[in-house]
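Per the working numbering, the sequence shown starts with residue 374, numbered consecutively. All C-beta atoms in this analysis are idealised placements derived from N, C-alpha and C, irrespective of residue type, glycine included.
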Amino acid sequence: MQLFVLIARLGSLAAAARAVDLTPPAATKRLATLESRLGVRLLNRTTRSLSLTSEGETYLQHATRILADVREMEDAVSQGRAVPRGLLRVNATLNFGRTSIAPLVSAFAKRYPEVEVLVEVTDRPVDLVDTGFDLAVRFGELPDKRLNARRIMSNRRFLCASPAYLESHGTPRTLADLAGHRCIIHRQNDDAYGIWRFLHHEHSEVVKVHGMLSSNDGDIVLGWALDGHGILIRSEWDLAKYLDSGRLRIVLPDFELPSADLYVYYPERRNLPVRARAFIDFLADHFKAAVDGRGSVREHIPSKVRSRKARP
Numbered sequence: 374m375q376l377f378v379l380i381a382r383l384g385s386l387a388a389a390a391r392a393v394d395l396t397p398p399a400a401t402k403r404l405a406t407l408e409s410r411l412g413v414r415l416l417n418r419t420t421r422s423l424s425l426t427s428e429g430e431t432y433l434q435h436a437t438r439i440l441a442d443v444r445e446m447e448d449a450v451s452q453g454r455a456v457p458r459g460l461l462r463v464n465a466t467l468n469f470g471r472t473s474i475a476p477l478v479s480a481f482a483k484r485y486p487e488v489e490v491l492v493e494v495t496d497r498p499v500d501l502v503d504t505g506f507d508l509a510v511r512f513g514e515l516p517d518k519r520l521n522a523r524r525i526m527s528n529r530r531f532l533c534a535s536p537a538y539l540e541s542h543g544t545p546r547t548l549a550d551l552a553g554h555r556c557i558i559h560r561q562n563d564d565a566y567g568i569w570r571f572l573h574h575e576h577s578e579v580v581k582v583h584g585m586l587s588s589n590d591g592d593i594v595l596g597w598a599l600d601g602h603g604i605l606i607r608s609e610w611d612l613a614k615y616l617d618s619g620r621l622r623i624v625l626p627d628f629e630l631p632s633a634d635l636y637v638y639y640p641e642r643r644n645l646p647v648r649a650r651a652f653i654d655f656l657a658d659h660f661k662a663a664v665d666g667r668g669s670v671r672e673h674i675p676s677k678v679r680s681r682k683a684r685p
């Protein structure tokens, strides 16, 4: 059952075989035995592709739920064990997963060597309930009521631009001024293209912005802003070092943007595994220390804006 779920998720029998330390012929034999016992074909296989049959889709749905129930049963029985152990499946965003979560997983693995950690990075959120992941580390709130969430870092967002751009095109003083500026658009998930939402004196304001450059990759749009191509929305987590070096400046700090707080999401379960609790606490401790030592963004915004509390 575990092998079949891995084959379906990875889209490759050979990759699934490697994940469970089997040879491809042994994995093929196990799959054939499973299909023979069920009396149906679960996969359509060619030399170049692999896809699920309708029976395979049904089997995958049930197998994923059954395996999750088995893990929950084992976790409930082993709650009294002081040492975290077992498999922990973590999902994170592409860039943040590579640059921040992966190094933390390395440190976590050294502290808890009996925990096996599988990290998968994706550009879009995954369905934790259907895919069997234990945790997802994401910026912003997810509209899935089946999940629990723990906020581990507040993370406000600001408009910013390079000094070269502001010297060449002027500094906007009002939101209406943005219509005459080049704006760099970071296209994320299903957000409306070029629509920026602000809160000012408890009133919501929506601005349609325009620009010649846009991308779904955060590093790409940041590079364009550093090169002086326009105004960009960026979170304080990313901004600090560029403000300190003078390569970026905050624009229109009085206008509040929706925050991009960092959350750990996990399926609603009666008994959160010890290994999952340990990992969440590990992340929370790290980011608390990082935020406590940061503070440089606040030095670059007016005191009346600086004192504004992050929204819960």
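- Here Val450 carries a helix assignment [DSSP, helix/strand/coil].
- The three-state secondary structure of Leu645, taken from DSSP, is coil.
- Val580 carries a strand assignment under DSSP once its states are collapsed to helix, strand and coil.
- Considering only Tyr566, Ile604 and Glu493, the residue with the shortest C-alpha distance to Ala537 is Ile604.
- Scanning its chain for C-beta atoms nearer than 6 Å, with the 5 sequence neighbours on each side dropped, one finds around Val413 the residues Glu428, in chain order.
- Residue pairing by DSSP places His573 opposite His576 in a beta bridge.
- For the segment 502-556, the continuous beta strand (DSSP E) assignments of 3+ residues that do not extend past its boundaries occur at 508-512, 520-526 and 530-534, in sequence order.
- Under the 10 Å beta carbon count, Leu508 is surrounded by 16 or more other beta carbons and is classified as buried.
- Separation of Thr401 and Arg421 (C-alpha to C-alpha, rounded to the nearest whole angstrom) is 15 Å.
- For Ile380, the uninterrupted alpha helix (DSSP H) run begins and ends at Gln375 to Leu383, by DSSP.
- Under the three-state reduction of DSSP, Tyr615 is assigned to helix.
- Within 10 angstroms of the beta-carbon of Thr437 lie 16 or more other beta-carbons, which makes it buried.
- Of the candidates Tyr566, Leu625 and Val510, the residue whose Cα lies closest to the Cα of Ala522 is Val510.
- About 4 Å separates the CB atoms of Ala651 and Pro457; that is less than 8 Å, so the two are in contact.
- The beta carbons of Ala390 and Pro397 sit closer together than 8 Å.
- Beta-bridge analysis with DSSP links His435 to no other residue.
- Looking at the DSSP output, Ser588 shares a beta bridge with His559.
- At a Cβ-Cβ threshold of 8 Å, Pro545 and Val594 do not count as neighbours.
- Taking the CA atoms as reference points, Leu433 sits about 52 Å from Ala549.
- The three-state secondary structure of Leu461, taken from DSSP, is strand.
- Rounded to the nearest angstrom, the gap between the Cα atoms of Arg462 and Arg648 is 10 Å.
- For a cut-off of 8 Å, the C-beta gap from Ala598 to Ser535 is around 6 Å, short enough to register as a contact.
- Collapsing the DSSP output to three states places Glu445 in a helix.
- Pro476 carries a helical assignment under DSSP once its states are collapsed to helix, strand and coil.
- Annotated as distal: Tyr636 and Glu493, with beta-carbon spacing of 8 Å or more.
- With 16 or more other Cβ atoms from the protein chains shown falling within 10 Å of its own Cβ, Asn464 counts as buried.
- Annotation: Val393 to Leu376 spans about 7 Å, alpha carbon to alpha carbon.
- In the DSSP annotation of this structure, Pro398 is not part of any beta strand (DSSP E); the continuous alpha helix (DSSP H) holding it starts and ends at Pro397 to Leu411.
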